[in-house]
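Reading through the C-alpha cells given below for one structure.
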Amino acid sequence: MIRLYLDWNVINGMRTSKEGDEFFVLKNYLEENRSYFEVYYSHAHLSDLAGHKKVLDDEIKADLAFLSHLTENRAFSIRDGEVHFGKSSPLDWYKTLIDDDILDDAKTLEDLFETIGDDDPTLSKIVSQQVELLKSIPIPEEMRQLPFLFPERTGKTLYDASNAMLRMSKDWMDTDAYGKVRDFLKQILNSDPNRISSAQNPFAAIDSNFRALGPESSYANVENSVNSSSKEHMKSCPDWYNKVSSTFLSLDMHGYSSDQIKINDQRKQTFHNTANDSAHAAYASLCHIYIIADRKARRKTVATYERLGINTVILAPNAEKDQRYASFINGDFLRNPDTAQSLFDSVMQTLTSGKLADEDANNGEQRILVQYPFCSYYGFFNKIIVIPGQDSFQVVLGTREPTNWPNLFIDATVNLANRLISIFGQADDGTETVDVSNLQEIQTSSDSKWSLIWGNSLYLVCFAGRVQFYFPPVPLKALQEKRTKPTGTNA
Numbered sequence: 301m302i303r304l305y306l307d308w309n310v311i312n313g314m315r316t317s318k319e320g321d322e323f324f325v326l327k328n329y330l331e332e333n334r335s336y337f338e339v340y341y342s343h344a345h346l347s348d349l350a351g352h353k354k355v356l357d358d359e360i361k362a363d364l365a366f367l368s369h370l371t372e373n374r375a376f377s378i379r380d381g382e383v384h385f386g387k388s389s390p391l392d393w394y395k396t397l398i399d400d401d402i403l404d405d406a407k408t409l410e411d412l413f414e415t416i417g418d419d420d421p422t423l424s425k426i427v428s429q430q431v432e433l434l435k436s437i438p439i440p441e442e443m444r445q446l447p448f449l450f451p452e453r454t455g456k457t458l459y460d461a462s463n464a465m466l467r468m469s470k471d472w473m474d475t476d477a478y479g480k481v482r483d484f485l486k487q488i489l490n491s492d493p494n495r496i497s498s499a500q501n502p503f504a505a506i507d508s509n510f511r512a513l514g515p516e517s518s519y520a521n522v523e524n525s526v527n528s529s530s531k532e533h534m535k536s537c538p539d540w541y542n543k544v545s546s547t548f549l550s551l552d553m554h555g556y557s558s559d560q561i562k563i564n565d566q567r568k569q570t571f572h573n574t575a576n577d578s579a580h581a582a583y584a585s586l587c588h589i590y591i592i593a594d595r596k597a598r599r600k601t602v603a604t605y606e607r608l609g610i611n612t613v614i615l616a617p618n619a620e621k622d623q624r625y626a627s628f629i630n631g632d633f634l635r636n637p638d639t640a641q642s643l644f645d646s647v648m649q650t651l652t653s654g655k656l657a658d659e660d661a662n663n664g665e666q667r668i669l670v671q672y673p674f675c676s677y678y679g680f681f682n683k684i685i686v687i688p689g690q691d692s693f694q695v696v697l698g699t700r701e702p703t704n705w706p707n708l709f710i711d712a713t714v715n716l717a718n719r720l721i722s723i724f725g726q727a728d729d730g731t732e733t734v735d736v737s738n739l740q741e742i743q744t745s746s747d748s749k750w751s752l753i754w755g756n757s758l759y760l761v762c763f764a765g766r767v768q769f770y771f772p773p774v775p776l777k778a779l780q781e782k783r784t785k786p787t788g789t790n791a
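Read in the numbering used here, the sequence shown has 573 at position 273, and its numbers run on one by one without any break.
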C-alpha cells in the first residue's frame with residue numbers, strides 16, 4: 301500500500317471543494333483508488349484544527365468526520381519514545397486534546413503537577429521531591445548566556461529556569477515572543493533572511509553566518525549540540541523525529557521561508573503554526589508521499605529532507621506547476637498491467653527512459669543497477685532492479701520504503717499477493733488466496749522464503765524482510781538495443 305500524508309490545508313481544501321476544483325479532483329482520485337492508498341493523520345492535524353480556541357462546534361465536527369473518512373482512522377501517535385500507527389477516532393482524540401488544559405494553564409511546576417495527587421499520591425510525593433531538588437541546583441553557566449530565551453527568569457536555580465521555560469513555551473504559542481527571539485538571533489549573526497531564503501543551499505548560507513563569529517563556530521556544531529541535547533532530554537520522541545523537527549525549525553529560525561508572526565483581531569499567527577508544520581514534516585517521513593499546499597512549509601520540508609537524506613516524495617497540489625503531481629492525479633502513477641508481457645513492456649519502457657544508478661546489494665556482495673521511477677506497480681513496487689550477468693540480465697521489481705518506516709510488510713504483502721492473483725489468476729501451485737498464515741514462517745526465520753509463480757514467467761518472492769517480483773533472464777543485447785534506439789522508433 302502507498303502511504304500518504306497530507307497537510308491540513310489540503311485536507312480542508314478537499315472537504316470544502318466543489319466540482320472542478322483542484323482539490324475536488326484529488327478527493328475523487330483518492331476515493332476511486334482507495335484500495336491502493338493509506339492516508340494517515342497525526343496530533344499535528346488536530347492541533348491545526350484546534351488552533352488557539354480548542355472548541356468543538358458543528359464546523360469542526362464536520363472536519364473531523366471528513367478526516368475520519370479520508371484516513372479510515374489511521375493515525376500516527378507517539379508513545380514511550382516511539383511513533384506508533386493504528387486506528388484512532390479523530391473525534392475522540394480531539395475531545396481529549398481540548399479537555400487537557402493542564403499545560404495551557406500551568407505557570408509553575410506546581411501548577412503542572414497539581415492534579416497528579418488526585419490519581420496517585422505516591423507519584424505526587426515523588427514529583428514534589430524532584431521539584432524541591434531543582435530548587436537547590438544552580439543554573440548552568442551555558443543557560444546564563446542565553447538571557448533572551450528566558451526573559452522572565454528571576455531566580456538562580458533550575459527550578460526558576462524551568463518555570464521560565466514553561467512560561468516561554470506558553471508565550472511562544474500564544475504571543476509574538478518567538479518572533480522577537482528570531483529577530484534577536486538575526487541581530488547576533490548579522491544575517492540577511494532574504495539571502496538565506498533565496499540560497500540554493502540554505503544550510504551553507506546559515507553556516508557562513510556562524511563562521512563570521514569565529515573560526516570555531518559553525519552551523520554543524522550547533523546542529524550536533526541540538527541533536528545531542530534532544531537525544532538526552534527529548535526521549536519521549538524518537539531521535540529521527542527530533543532531528544527532522546529541529547532541522548525544520550532551525551530553517552525557520554534563521555530566516556529560510558520563515559512564517560509570519562502576527563497577532564491582531566482577525567488572526568493569530570504564532571510559533572504554534574510553525575511547530576505543527578515541523579511535526580507534519582517528521583510524521584510525513586513515515587510515508588511514501590507528502591502532499592503539502594503551504595509554500596513556506598513545503599520549502600522548509602524539502603530542504604530538511606535533502607539535509608537528512610529522507611526519500612519521501614513531496615508534491616505541491618498544483619497540476620500546472622508540479623509535473624509529478626499532475627502525473628499522480630492523472631492516473632500515470634498507478635500501473636496495473638494485466639499480462640506478463642504488458643508488465644514487462646511497461647517496466648522496460650520506464651527503465652530505458654530514465655537513468656540507472658549503481659547500488660550495493662546483499663550487504664555489498666553484489667553490484668546491481670537501480671531506478672526509482674515516480675510510479676507504483678500494483679500499489680506496491682516503486683523500485684526497478686537490473687541484475688546484469690555475463691550474457692543476460694534479470695529485471696526485478698522491488699520496494700523502497702520511506703526512510704523512517706519501521707519496515708513491517710506482512711499485511712501489505714498479503715494484499716499484494718491477492719491482488720496479483722486477481723489479475724493473473726491462480727498461481728502455478730494452485731494457490732487461489734493468501735492469508736497471514738502463509739507468511740508466518742518468514743516472520744520468524746530470516747532464512748525462510750515464500751513465493752508464488754505464474755506461468756513460469758512471473759515470480760513473487762518474499763524473504764528476509766523483502767518482497768520482490770522477478771522476470772526470467774533476458775539476453776543482454778535486448779537492453780542495449782532498447783537504450784540506444786532513437787526516440788519515436790517502433791519497438
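From the three backbone atoms N, C-alpha and C, an ideal C-beta is built for every residue, glycine too.
With respect to I302, G765 sits apart: the two C-beta atoms are not nearer than 8 Å.
By the Cβ criterion, the region 375 to 382 is not in contact with the region 351 to 361, since fewer than three pairs of Cβ atoms, one from each stretch, lie closer than 8 Å. Counting along the chain, the unbroken alpha helix (DSSP H) around Q649 starts and ends at 640 to 652. The bridge partners DSSP lists for K562 are Q569.
Counted as a single uninterrupted DSSP element, the alpha helix (DSSP H) harbouring F503 occupies residues 502 to 511. Rounded to whole angstroms, S342 and P538 show a C-alpha spacing of 15 Å.
If you look at P390, you'll find it in the alpha helix (DSSP H) that goes 390 to 399. According to the DSSP assignment, S497 belongs to no beta strand (DSSP E) but to the alpha helix (DSSP H) extending over 493 to 498. A straight-line Cα-Cα distance of about 12 Å links V686 and F769.
With a cutoff of 8 Å on beta-carbon distance, R599 and S557 are scored as near each other. Judged by beta-carbon spacing, Y583 lies beyond the 8 Å limit of R635, meaning their Cβ atoms are not closer than that value.
The DSSP-derived three-state label of A657 is strand. Of the candidates F771, K387, N718, N718 places its Cα closest to the Cα of S335. Between the region 640 to 648 and the region 747 to 761, the count of Cβ pairs shorter than 8 Å is three or higher; the stretches touch. Excluding the 5 residues flanking it on each side, F681 has same chain C-beta neighbours closer than 7 Å at L697, G698, T699, F769, in chain order.
Here the region 504 to 516 makes no contact with the region 560 to 567; the two share fewer than three CB pairs at distances below 8 Å. Around the C-beta of S536, fewer than 16 other C-beta atoms lie within 10 Å, and the residue is accordingly described as exposed. The way I'd put it, the region 391 to 401 does touch the region 364 to 376; three or more beta-carbon pairs between them come closer than 8 Å.
Here the C-alpha atom of K318 lies approximately 35 Å from the C-alpha atom of S497. By alpha-carbon distance to E659, the top candidate from K683, T650, C675 is K683.
Runs of the beta strand (DSSP E) spanning 3 or more residues and lying entirely within the region 307 to 380 occur at 337 to 340, 374 to 379, in chain order.
Comparing C-alpha distances from L720 to each of G313, L489, V734 shows the shortest one belongs to V734. 8 Å or more divides the Cβ of L304 from the Cβ of I710.
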